[in-house]
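If you read the sequence shown in this note's numbering, its first letter stands for residue 543, the second for the next number, and so on. Think of the CB as a built atom: it goes at the ideal place given N, C-alpha and C, for glycine as much as any other residue. All figures in this text were calculated on a predicted structure; none of them were measured in a lab.
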Amino acid sequence: MTTITLDIPEHLVPTINQIGDQLPLVLEMGVSRLAPVSTKAYMETIELFTQDPSPQQIVAFRFSDEVETRISELLQKNQADQLSQAESIELDRLCRLEEQLQILKAKALLETNE
């Protein structure tokens, strides 16, 4: 881990003191929330469902190559036990999103078969 010196606003000092040794995790999680690829996965999903998709469109939905690549990278790092805590949280969120999509796809598939 690298040590750095930061100038921070006075009003943040009490909060940072409470966070204590968890500050690296908080910073990492904050930066990961800014990760455009993870955000893109949610945006792609929202875009799909705001267009009133047909069951066939739901079943056919796939994340962009960029999102799929990020998921693959996180899964590989997870298998190698090299995920940071923030990446672990990111992977968990992406997996939950994928699980929810799979449920919706299964329901849509049932509708197409009726």
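Does the stretch 587-598 come close enough to the stretch 563-573 to have 3 or more Cβ pairs within less than 8 Å?
-> No: fewer than three Cβ pairs fall under 8 Å.
So does the stretch 556-563 actually touch the stretch 611-629, counting three or more Cβ pairs closer than 8 Å?
-> no
For residue 656, the three-state DSSP class (helix, strand or coil) = coil
Compute the distance between the beta-carbons of residue 609 and residue 647, then report whether it is under 7 Å.
-> no
Is DSSP giving residue 598 helix, strand or coil here?
-> The three-state reading of DSSP puts residue 598 in helix, counting H, G and I together.
Helix, strand or coil for residue 566 per DSSP?
-> If DSSP states are grouped into helix, strand and coil, residue 566 belongs with the helices.
Apart from the five residues on each side of it in sequence, which residues of its chain come closer than 8 Å, Cβ to Cβ, to residue 606?
-> 582, 586
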